[in-house]
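Visitor:
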Amino acid sequence: MIINEQCSIVSQREIADNIYELILRGELSSQMNEPGQFVHVKIASGYDPLLRRPISIANIDRENHEFTLIYRKDGRGTAILSSKKTSETVDILGPLGHGFPIEETNAGETVLLVGGGIGVPPLYELSKQLVKKGVNVLHVLGFQNEAVVFYEDKFKSLGSTYVTTTDGSYGTKGFVTDVIKELSFDTIYSCGPTAMLKAVEAEYASHKKVYVSLEERMGCGIGACFACVCHTADDPSGFSYKKVCTDGPVFKAGEVVL
Amino acid sequence: MIINEQCSIVSQREIADNIYELILRGELSSQMNEPGQFVHVKIASGYDPLLRRPISIANIDRENHEFTLIYRKDGRGTAILSSKKTSETVDILGPLGHGFPIEETNAGETVLLVGGGIGVPPLYELSKQLVKKGVNVLHVLGFQNEAVVFYEDKFKSLGSTYVTTTDGSYGTKGFVTDVIKELSFDTIYSCGPTAMLKAVEAEYASHKKVYVSLEERMGCGIGACFACVCHTADDPSGFSYKKVCTDGPVFKAGEVVL
Amino acid sequence: MNHLEIQLPGLHLKNPVMPASGCFGFGREFGGLYNLSDLGAIMIKATTAEPRFGNPTPRVAETAAGMLNAIGLQNPGLDGVMNKELPWLEQFNVPIIANVAGSTEEDYVEVAKRISTAANVHALELNISCPNVKTGGIAFGTIPEVAKSLTKKVKEVSAVPVYVKLSPNVTNIVEMAKAVEAGGADGLTMINTLLGMRLDLKTAKPILANKSGGLSGPAIKPVAIRMIHDVSQQVNIPIIGMGGIETAEDVIEFFYAGASAIAVGTANFVDPFVCPKIIKDLPELLDQLGFDHISECTGRSWK
Amino acid sequence: MNHLEIQLPGLHLKNPVMPASGCFGFGREFGGLYNLSDLGAIMIKATTAEPRFGNPTPRVAETAAGMLNAIGLQNPGLDGVMNKELPWLEQFNVPIIANVAGSTEEDYVEVAKRISTAANVHALELNISCPNVKTGGIAFGTIPEVAKSLTKKVKEVSAVPVYVKLSPNVTNIVEMAKAVEAGGADGLTMINTLLGMRLDLKTAKPILANKSGGLSGPAIKPVAIRMIHDVSQQVNIPIIGMGGIETAEDVIEFFYAGASAIAVGTANFVDPFVCPKIIKDLPELLDQLGFDHISECTGRSWK
Ligand SMILES: Cc1cc2nc3c(=O)[nH]c(=O)nc-3n(C[C@H](O)[C@H](O)[C@H](O)COP(=O)(O)OP(=O)(O)OC[C@H]3O[C@@H](n4cnc5c(N)ncnc54)[C@H](O)[C@@H]3O)c2cc1C
Ligand SMILES: Cc1cc2nc3c(=O)[nH]c(=O)nc-3n(C[C@H](O)[C@H](O)[C@H](O)COP(=O)(O)OP(=O)(O)OC[C@H]3O[C@@H](n4cnc5c(N)ncnc54)[C@H](O)[C@@H]3O)c2cc1C
Ligand SMILES: Cc1cc2nc3c(=O)[nH]c(=O)nc-3n(C[C@H](O)[C@H](O)[C@H](O)COP(=O)(O)O)c2cc1C
Ligand SMILES: Cc1cc2nc3c(=O)[nH]c(=O)nc-3n(C[C@H](O)[C@H](O)[C@H](O)COP(=O)(O)O)c2cc1C
Ligand code: FES
Ligand code: FES
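Taken in order, these protein sequences are the chains called A, B, C and D. To convert, take the position in the first sequence, counting from 1, and add 59; that gives the numbering used here. To convert, take the position in the second sequence, counting from 1, and add 59; that gives the numbering used here. To convert, take the position in the third sequence, counting from 1, and add 1146; that gives the numbering used here. To convert, take the position in the fourth sequence, counting from 1, and add 1146; that gives the numbering used here.
1. Tell me the DSSP secondary structure of P1352/C in three-state form.
2. Can you pull the DSSP bridge partners for S115/A?
3. Return no unless some Cβ of chain C is closer than 8 Å to the Cβ of S1378/D.
4. Cβ closer than 7 Å: which chain B residues qualify as neighbours of L107/A?
5. Between the Cα of G1178/D and those of K187/B, R135/B and L155/B, spot the shortest distance and give me the residue it belongs to.
6. Give me the pocket residues for ligand 1, defined as CB within less than 5 Å of any heavy atom, sorted by chain position.
7. What three-state label does DSSP hand P1290/D in the structure shown?
8. Can you tell me whether E80/A is buried or exposed, with buried defined as 16 or more other CB within 10 angstroms of its CB?
9. When you check each C-beta in the stretch 1406 to 1423 of chain C against every C-beta of chain A, which residues fall closer than 8 Å?
10. With respect to the beta strand (DSSP E) encompassing S141/B, which residues constitute its N-terminal and C-terminal limits?
11. Rounded to the nearest angstrom, what separates G1173/D and G278/B at their Cα positions?
12. Would the beta-carbon of V1410/D be found less than 7 Å away from any heavy atom of ligand 4?
13. Going straight from the alpha carbon of G1168/D to that of N1215/D, what length do you get?
14. Would you list the residues sitting across from I68/B in a DSSP beta bridge?
15. Suppose you measure from the CA of T164/B to the CA of V179/B; what does that come to, to the nearest Å?
16. According to the neighbour-count rule (16 or more other Cβ atoms, all chains shown, within 10 Å of its Cβ), is G1218/C buried or exposed?
17. Give the DSSP-derived three-state secondary structure of C1421/D in the structure shown.
18. Rounding to the nearest angstrom, what Cα-Cα distance links V1267/C and I1261/C in this structure?
19. Hey, is N1273/C's beta-carbon within less than 8 Å of any beta-carbon in chain A?
20. To the nearest whole angstrom, what separates the beta carbons of V222/B and F209/B, a pair I think is in contact under 8 Å?
21. Quickly, what does DSSP pair L152/A with across the bridge? List them, please.
22. Just to confirm the assignment: which complete alpha helix (DSSP H) runs, minimum length 4, are found wholly within the stretch 1166 to 1234 of chain D?
23. CA-CA distance, G136/B and A286/B?
24. May I ask you to list, following chain order, the residues of the stretch 1219 to 1239 of chain C that have a beta carbon less than 8 Å from some beta carbon of chain A?
25. What number of angstroms, rounded off, separates the C-alpha of F1401/D from the C-alpha of T1209/C?
26. Pull out every residue of the stretch 110 to 129 of chain B whose Cβ sits closer than 7 Å to any Cβ of chain D, in chain order.
27. Throw me the rounded Cβ distance for the S249/B and Y270/B pair, which I believe falls under 8 Å.
28. Does the stretch 252 to 268 of chain A come into contact with the stretch 181 to 189 of chain A, if we say contact requires no fewer than three beta-carbon pairs (one atom in each stretch) closer than 8 Å?
29. Scan the stretch 139 to 154 of chain A for residues whose Cβ lies nearer than 8 Å to a Cβ of chain C and list them as they occur along the chain.
30. Going by DSSP, name the residue or residues bridged to L172/B.
31. Would you decide whether S1406/C is buried or exposed? Buried here means 16 or more other CB atoms lie within 10 Å of its CB.
32. Would you verify that the beta carbon of A1211/C is, or is not, closer than 8 Å to some beta carbon of chain A?
33. Taking 7 Å as the cut-off, is the beta-carbon of P108/B closer than that to any non-hydrogen atom of ligand 2?
34. Thinking just about the alpha-carbon of each residue, which of D1433/C, A1293/C, K1311/C and V1246/C is nearest to the one in M1336/C?
35. Which word fits E1364/C, buried or exposed, when buried means at least 16 other C-beta atoms lie within 10 angstroms of its C-beta?
36. Would you call the CB atoms of F1199/D and G297/B closer than 8 Å?
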């Protein structure tokens, strides 16, 4: 069920250059289950800024009624969000959308989680749930440079973790795809820039199970405004469509046009 | 000199029903001298709300680089201001305008300060300065009802203080003018609703020195936008005008059309 | 006593609050959040004769106290709306106002004729003002004679009263209003979005794939109030007002301006529960202001 | 190297940033806050043939991310401006753009003829778009032929280049722009304010004594960008852009849209130091974006 709640800030800290980890407490955590879902954040009351911001759920802690968002301070909205302090509240609508289908993987199989930049956060909750299920997880995480790498240790505690940076300042120099070549696995779950998702899909969708999480500018976040549609792959210039906010953000590779 | 400064909040408390006392610290306090001047407050960064709010200076404490604003929580801007906490800052432009001319009164004379509602605050700094100069001060302060009476004790410590309430729930029932009738004095300094100022002017301007502080909706607060003009009394329908923000807010009774 | 009940041509409204067209889809999503029967009415998304995919994405961009959209009238087409969406909405006790769009007079007439026969469609809203479609459309919303002729043609075929939705992107809104009134419109809805654009600082190009889009939200409220104030004094048909409404206070301001009912658009995206919230807040606000019935507010700014 | 110097008809600008007419008076107040010679130019308050008191107060009202004003062209009249205001401004090394207003063609011609001879007036800005004056004015800003004829007449008498200030309250802004270009305009300034209104919840009446007023501030920025984007592709004269500018980023967005210089209005009330601040911020922003000179930005959204 979708709930709108003023969640209190348990903690907020900058975990990498302009990357913030925000832990929130709210009853809507009880509705969270599927990794890869997102919440829609009203940054401030009033109209500055007006629209909500979609942010993925990075960690669910139902026991403590808490959940974690990890976001990059980017434009006006995330800048204001990053200035919020413990004891303040944040207006959250969620959980929204369909996440990664963990039922598509069985215990004992090997799964590759491929994240790029600010697409990495939802993979953390996903990895936790897969590990709990007995799946072997490999992580390939791509970042711009050393300063923006985050959560490497957390991922390492769940499975082998390979980090790449575009400028080579940390881990392997290059793109995630360079590393993936060397690995063997059954399924890919991926979230990150569209260019990365396209590369992954082009290379592996024909012979592996691949799931990708998309980003699109949103209005409502709940399926009503038609801001976030994409064409389906079987009808790329017709009327058939999927909404990223409700049909996604996670799609099976080949389902929609990237 | 007019200065624009982020002043830090020393304290903020509700001193009567929806009436807040906000003490700020800033270097621009060193520019404050004239009682009856005001500051122009940017409530929040960004555009919610967009315009500054004019608020009178209620107390100047140059030694501690502090000054006090007293305001009523009224619309959107003052509501947001009232939620600000110690350690936050407020964007202040000031000091602005021309205040009460204390040089018009000599030591030993008796002065009547007449305040109505949220027009009372600037009279406090005025009274302090007059007392320091050796002037006898009488205060007549009118409020709606008991719940919104404030600063009575502070005024009492400076001179005789008469409080009226419209509904009679505290002090004398009725209007300030009912009490003034009974008193003798040389000069009136007054600030409050236009109806009150008009009554005071009509009754006393012909035979006493009377000064009134006006309110008008403002754009710039510094004389550039012509939002706050009023006609001069000697040319009530002509081109001649005064600006409340820079020529006022305090005028000699009879100078401008109320 | 009910303070909010309103009678308008074709519409018996429990309350004068309804979601604006395009901001509520066909109700399904909000139906999962609250009971749609609580609403005064529902203005469903624009319906065209054929299904449309609409414009490429990005389709929305944020602006100061507003947003731009260029959805481009995406909809499942007349058949889809008649066969799937309207029947689904029948489970609720709420009148539907069907927003009708097209590129030619024939398009409008075809859609109006069929959709007005649906059991729960109590009125049509002629969308002659959508800024986001390239072909033809613009003349309907900006040339009085063209608007009048279209209104007439649609009136001839419609089984229910016809409201015409006015565009604010005109020099003389009163002239447009009078033209569609002369064409037989039973009511007006106003305003649609203002034409606007945002550019990306890094690419220098428009953020919207369609380049320009329609500006909605609190930013346009003063424009809407001004237009409704001017138009309501010059026509004898009721106005459903919209443009930036977020609160019960905003609703009263629109009534004062001259509206007889209102619609909420963009605010549904900010707070999906905003319509029931406004409906809940209105009676107390009316009490505070000393009105027995909301209809007493209509046109008070100039009466 | 100077990244900000701009040449426009009649204007050699140290930088393309100037206060907009009506938002800076005649400079005196801001002259007490910073050195006016730092500005690219100054657009002074509208001057009419005779002194005007303007409208009754309240003259301003706040709206979401904007404000309404109905000052009503208060000014000391042509004599006052010529004898007192312009001579005072001569102490600064800054070109003045004189905003010219009136109710009849003769008014405009009279003011234009004399004010254009002042030593520091380097250009005129024909204000054919002020929404706050009752008599006549509106036709000049909304009927292409009328605007063209007025432009022609003023051009005949003006000793300096003439910029025409366009109103956004029209159906077809491109048509208006082309008309004044055909009338001989040397440049355009756009946009003036949108017509708007606010009502008081308690009294039900308009907050402005004049009832309606001009909407300015960040709220109207997307409308300005859209209009400059459309017009700049259709005319061969430069545009000074305005409407909601608050930051150096906003300036670049206006240049991308098609402006060759910009003016800052409402933001001067919010932050009286905003113009020098923007001028200071621009070079670094240009660096970041990889431009050598700000003129490279002009029209990038469509080039
Ligand atoms: C399903 C989904 C999940 C996301 N999860 C995360 C996450 O976990 N961490 C994270 O840092 N970011 C995430 N993003 C991106 C995030 O929404 C944007 O970074 C954020 O909206 C930018 O807001 P802003 O106010 O800082 O930027 P501004 O540029 O001021 O935003 C202006 C408008 O554009 C929209 N916008 C800007 N960038 C994006 C974008 N990349 N995607 C969608 N809308 C955008 C904003 O929502 C807003 O409406 C996610 C996006 C989607 C669609
Ligand atoms: C010179 C001067 C001194 C003042 N001193 C004080 C003071 O010491 N304490 C105090 O409580 N109030 C004072 N006021 C009134 C105060 O400015 C308003 O109460 C305040 O602006 C309301 O803002 P808001 O956001 O709460 O209301 P809103 O209604 O949201 O404000 C909307 C707009 O209207 C303007 N506005 C609304 N009411 C007034 C008003 N009465 N006067 C001028 N502008 C108004 C606001 O500034 C804003 O631009 C003073 C006004 C002036 C002109
Ligand atoms: C995303 C979006 C889609 C819209 N689609 C339509 C539409 O299909 N038909 C229509 O007549 N108006 C449409 N509108 C305009 C709204 O119905 C409304 O007139 C306008 O947004 C002003 O109201 P608001 O400020 O409350 O949003 C749309 C508006 C938005 C924001
Ligand atoms: C208080 C005020 C007074 C104005 N007076 C004039 C004027 O006298 N002449 C004119 O051409 N424009 C006038 N304008 C319009 C501005 O010059 C400018 O075009 C408009 O406000 C949009 O810019 P902004 O959003 O930056 O304010 C005035 C605007 C305001 C807010
Ligand atoms: S964001 Fe509104 S439909 Fe997806
Ligand atoms: S508020 Fe601008 S002149 Fe007084």
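Glycine residues also receive a C-beta, built at the ideal position from the N, C-alpha and C atoms.
Guide: In brief:
1. The answer is strand: DSSP assigns P1352/C an E or B state.
2. Per the DSSP secondary-structure output, S115/A pairs in a beta bridge with F97/A.
3. Chain C, which has no Cβ nearer than 8 Å to the Cβ of S1378/D, makes this no.
4. The question names Leu, but residue 107/A is Asp in the sequence shown. G105, Y106 and D107, listed in chain order.
5. Among K187/B, R135/B and L155/B, the Cα nearest to that of G1178/D is on L155/B.
6. In chain order, the qualifying residues are F97/A, L110/A, R112/A, P113/A, I114/A, S115/A, Y130/A, R131/A, D133/A, G134/A, R135/A, G136/A, T137/A, I177/A, P180/A, E274/A, R276/A, P308/A and E1208/C.
7. P1290/D: helix per DSSP, three-state reduction.
8. Its Cβ being crowded by 16 or more others within 10 Å, E80/A is buried.
9. So the list reads T1412, N1414, F1415, V1416, D1417, P1418 and F1419, given in the order they occur along the chain.
10. For S141/B, there is no enclosing beta strand (DSSP E); the enclosing alpha helix (DSSP H) covers residues R135 to S141.
11. Within the model, the alpha-carbon separation for G1173/D versus G278/B is close to 16 Å.
12. Distances taken from the Cβ of V1410/D to the heavy atoms of ligand 4 include one shorter than 7 Å.
13. Going by the C-alpha atoms only, they are around 10 Å apart.
14. In the DSSP output, where bridge partners are listed per residue, I68/B has L83/B.
15. Going from the Cα of T164/B to the Cα of V179/B covers about 20 Å.
16. If you draw a 10 Å sphere on the C-beta of G1218/C, you find 16 or more other C-beta atoms in it, and that means buried.
17. Of the three classes helix, strand and coil, the one that applies to C1421/D here is helix, per DSSP.
18. Each residue's CA atom was taken as its position, placing V1267/C and I1261/C some 7 Å apart.
19. No, no contact with chain A.
20. The beta-carbon distance between V222/B and F209/B, rounded to whole angstroms, is 10 Å. This is too long to meet the 8 Å contact definition.
21. L152/A is bridged to N63/A and H99/A.
22. Within the stretch 1166 to 1234 of chain D, the runs of alpha helix (DSSP H) that reach at least 4 residues and sit entirely inside it are, in chain order, 1174 to 1177 and 1223 to 1226.
23. Each residue's alpha carbon lies about 19 Å from the other.
24. For the stretch 1219 to 1239 of chain C, which is checked against every Cβ of chain A, the residues closer than 8 Å are Q1220, P1222 and G1223.
25. Straight-line Cα distance between these residues: approximately 18 Å.
26. Hits within the stretch, in order: L110 and R111.
27. That pair is a contact at about 7 Å.
28. Taking 8 Å as the limit for Cβ pairs, the verdict is that the stretch 181 to 189 of chain A does not touch the stretch 252 to 268 of chain A.
29. Within the stretch 139 to 154 of chain A, contact with chain C at the beta-carbon level (separation under 8 Å) is assigned to L152.
30. Answer is H198/B and Y248/B, bridged to L172/B.
31. S1406/C comes out buried.
32. A1211/C counts as touching chain A.
33. For ligand 2, at least one heavy atom lies less than 7 Å from the Cβ of P108/B.
34. Closest option to M1336/C, Cα to Cα, is K1311/C.
35. The residue asked about is misnamed: residue 1364/C is Pro in this sequence, not Glu. Buried, since its Cβ has 16 or more Cβ neighbours within 10 Å.
36. Between F1199/D and G297/B, the C-beta gap is smaller than 8 Å, which places the two residues in contact.
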